[in-house]
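Chains as they are written, first to last, in our numbering: chain A, 1 to 247; chain B, 1 to 353; chain C, 1 to 178.
Think of the CB as a built atom: it goes at the ideal place given N, C-alpha and C, for glycine as much as any other residue.
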């Protein structure tokens, strides 16, 4: 019988702990597939964040380091600089990367640190129970913005890709959405390019993945992916924000 | 051959000779000569130097490099060490070896830039969250700082924990003649089968982590760490006694203050007062047994702890003396440094009373 | 023996390097030494000083409260430290910048026109070496030839400045002997 689909070697046998309808699982799968297809098995160091993906070290089939909240790009820098021949990636959420870890991500990008960052933007703090994130949309309700996010009180959401694309360091910055098959396929291409750039020594690459959090958004999984597609992409437009190969 | 070197630069060179191949730091007075020196020295030996965007990032770069198997270090001074405490707690939790140098300055807050010893608490009592300790050395000369730095990575690797070298502005800025030891061959360093160097797959996969969500597992980790601290106490406690054999008044001091105290002891002896000095070289583990043994001697009348602080180490001295003899305190703060004469006068005034 | 020295002046007068020359000479002479600078904002143009302790055994305290010798390169430095000098100690005064006389009678005051002698040596920037020469003569700690060797080593990569510095050392040495 012909095999049409297989579990990728770059994921372990450990079942994911993610909620039903959460797109972390898709993101993990895409990263793992890309690493396997690039043939770098046995040459990878992954950095897990604090947040829902804290247990990522149980899932990726490679050496893993668990970093303090927001510090994954600094930890990745230390690992990469002392092991320049290894593929090093940091996997971070929006609270981790765009709030407490803004200094680390900006300076890793500014240095052109030769690492790959996977940025999960689901506009909410998932693990701590649905608090407002730096990327929470205006009007979006969270446990700490119960009447909906307001500009007066909370300011506007932070657009990380746009911000990092202004720097000279990054080689590739893209935003994709894990909302439907076509966009998931695009996301995989972007992730692969981000790793290819690292392997080619081109420097810092980041892919932002607009993701869903049905549990904390109070939606069904289908409502949640629709929200990603229809609402989040208005504030966070999809596309490639920087690509030194095209400049 | 002896060479005249500034403390900070000597420590930096000793780090390289002791195997350091990665440094991550952020500028702060009075330790800037360490990163400056290493920024030009490390590339010569194939090492890596990065000036991080903050102390927070610097210690986390150390975390990443140490987790991947490198001999990595950082250096800073008090306010910067406060910022590093989060990372230090994670490094201790993840059982990673590294070296941290703290050239202490006065506080609290931005404080000053002159020498101080007011980081004793944040160094030996934790500083970050959780139950943990580091192996803490307090050198009193540039040569001793060099010797300690030279072996610091070996100790860190042996116990899989950070080693902190607690200097002060004086140790950093002073120039003294030093004998530099030969460069260690990295081929002789112990293999780190736990390191996440990227080669692990499947069953051989390694994880560096400080998260233990199951209470029983975390409790086990805490017990494992403390069993290691017991080993430290047994094997690594270091101190120096000076003229304690027949001493009636025993000074207790560490770091550069111990040199000042040593001068004071000699001057007091010249005046016919039987003074002595005990100098902890490791602040953790603290030489409690040695101090207790001295306290138990009949000739000893009292102890005087002297520090560049409002009195921090004195708590450990009192615990060690355990009520056997009175323990007094003489300290200067703010970056002021006592002179031997200050100490002599303090002792003479006490004797008069 | 133990000799404690404080050298003080403006930043830029070569105060710290003057202290370092004494330290280098001490090591070459087989002695123990500590050189401790004041540090901080004053490094950038304000007052500057360093403490040097030379000893035939390990130096205990590097802090100098009561120096055997004070080298004052400017007026504020003289007044800041002169009362700390040990009874019977020496004060070397850079008389080019300090018109005042030392009021204390229990110390030996020696006035060196360092600026003028530096010009005579052919380089205005050798005033600190002039004073070094005076110190070598007055302290009797080291042979002048040993210090000359230190100067040659220190300026090995700037050989053009060596003759003026050696001349400055000689002029200071002679001036202190008068």
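CA nearest to the CA of residue 19 of chain B, picked from B/188, B/197, B/257, B/229: For the options B/188, B/197, B/257, B/229, the alpha carbon positioned closest to that of residue 19 of chain B is the one of B/188.
Three-pair Cβ contact test at 8 Å for the stretch 107-121 of chain B versus the stretch 216-228 of chain B: no
Whole-angstrom distance between residue 25 of chain B and residue 27 of chain A, CA atom to CA atom: The C-alpha of residue 25 of chain B is placed about 34 Å away from the C-alpha of residue 27 of chain A.
Inside the stretch 209-245 of chain B only - beta strand (DSSP E) runs reaching at least 3 residues: The stretch 209-245 of chain B contains these whole beta strand (DSSP E) runs: 239-242.
Enclosing alpha helix (DSSP H) for residue 222 of chain A [first to last residue]: 221-227
Three-way DSSP call (helix, strand, coil) for residue 12 of chain B in this model: In the displayed model, residue 12 of chain B falls within a helix according to three-state DSSP.
Contact set between the stretch 9-33 of chain B and chain C, restricted to residues whose Cβ is under 8 Å from the partner: 29, 30
Outcome for residue 299 of chain B when other beta-carbon atoms lying within 10 angstroms are tallied against a minimum of 16: exposed
Neighbour list for residue 36 of chain C in chain B, Cβ cutoff strictly below 8 Å: 170, 173, 174, 175
Cβ pair residue 73 of chain C, residue 127 of chain C closer than 9 Å: yes
N- and C-terminal bounds of the alpha helix (DSSP H) containing residue 102 of chain B: Segment 98-104 is the beta strand (DSSP E) holding residue 102 of chain B; no alpha helix (DSSP H) there.
Neighbourhood of residue 70 of chain B by C-beta distance below 7 Å, restricted to the same chain and skipping five residues each side: 21, 22
Cutoff 6 Å; reference residue 121 of chain A; Cβ partners in own chain excluding five residues on either side: 94, 135, 208, 210
CA-to-CA distance, residue 207 of chain B to residue 35 of chain C, given in whole angstroms: 48 Å
Within-9 Å CB hit, residue 194 of chain A to chain B: Not one chain B Cβ lies under 9 Å of residue 194 of chain A.
Residue 176 of chain C in three-state terms, based on DSSP: In the structure shown, the three-state DSSP call for residue 176 of chain C is helix.
Cβ distance (whole Å) where residue 28 of chain B is taken to contact residue 76 of chain B below 8 Å: 6 Å
Cβ-based neighbour list, residue 43 of chain C, same chain, cut-off 7 Å, excluding 5 preceding and 5 following: Per-residue confidence for residue 43 of chain C stands at a pLDDT of 48, beneath the threshold of 50, marking its modelled position as unreliable; the derived number appears in the next sentence. If the five residues before and after residue 43 of chain C are omitted, its C-beta is found closer than 7 Å to the C-beta atoms of 11, all from its own chain and listed in chain order.
Exposed unless 16 or more other CB atoms sit within 10 angstroms - verdict on residue 171 of chain A: With 16 or more other Cβ atoms inside 10 Å of its own Cβ, residue 171 of chain A counts as buried.
Beta-carbon proximity list for residue 115 of chain A, same chain, < 6 Å, skipping 5 on both sides: 76, 80, 88
According to DSSP, residues forming a beta bridge with residue 50 of chain C: C/7, C/37
Every unbroken beta strand (DSSP E) inside the stretch 119-187 of chain A [3 residues or more]: 172-177
Chain-ordered neighbours of residue 41 of chain A on chain B, where CB pairs are closer than 8 Å: 201
Length at least 3, wholly inside the stretch 44-109 of chain A: the beta strand (DSSP E) runs in chain order: 44-48, 63-66, 87-93
Beta carbon proximity, residue 244 of chain B to chain A, threshold 9 Å: no
Nearest-angstrom Cα separation, counted from residue 306 of chain B out to residue 240 of chain B: 15 Å
Beta-carbon contacts of residue 171 of chain C that lie in its chain and below 7 Å, excluding the five residues immediately before and after: 117, 120, 121, 130, 133
In DSSP terms, what residue 206 of chain A is bridged to: Under DSSP, the beta-bridge partners assigned to residue 206 of chain A are A/117, A/173.
Within 8 Å of chain B by C-beta, residues of the stretch 8-36 of chain C in sequence order: 20, 23, 24, 27, 32, 33, 34, 35, 36
The stretch 64-80 of chain B: positions lying closer than 7 Å to chain A by Cβ: Going along the stretch 64-80 of chain B in chain order, one finds 64, 65, 67, 68, 70, 72 with a Cβ nearer than 7 Å to chain A.
Min CB distance residue 163 of chain B to chain C below 9 Å: no
Short CB-CB distance (under 9 Å) between residue 309 of chain B and chain C: no
Runs of beta strand (DSSP E) lying entirely within the stretch 261-293 of chain B, each at least 3 residues, in chain order: 275-280, 282-284
Residues that residue 168 of chain A contacts on chain B, provided the C-beta gap is smaller than 7 Å: Near residue 168 of chain A there are no residues of chain B at all, since even the closest Cβ is about 16 Å away, more than 7 Å.
Amino acids of chain A, ordered along the chain, whose beta-carbon sits closer than 8 Å to that of residue 54 of chain B: Those within 8 Å of residue 54 of chain B in chain A are 103.
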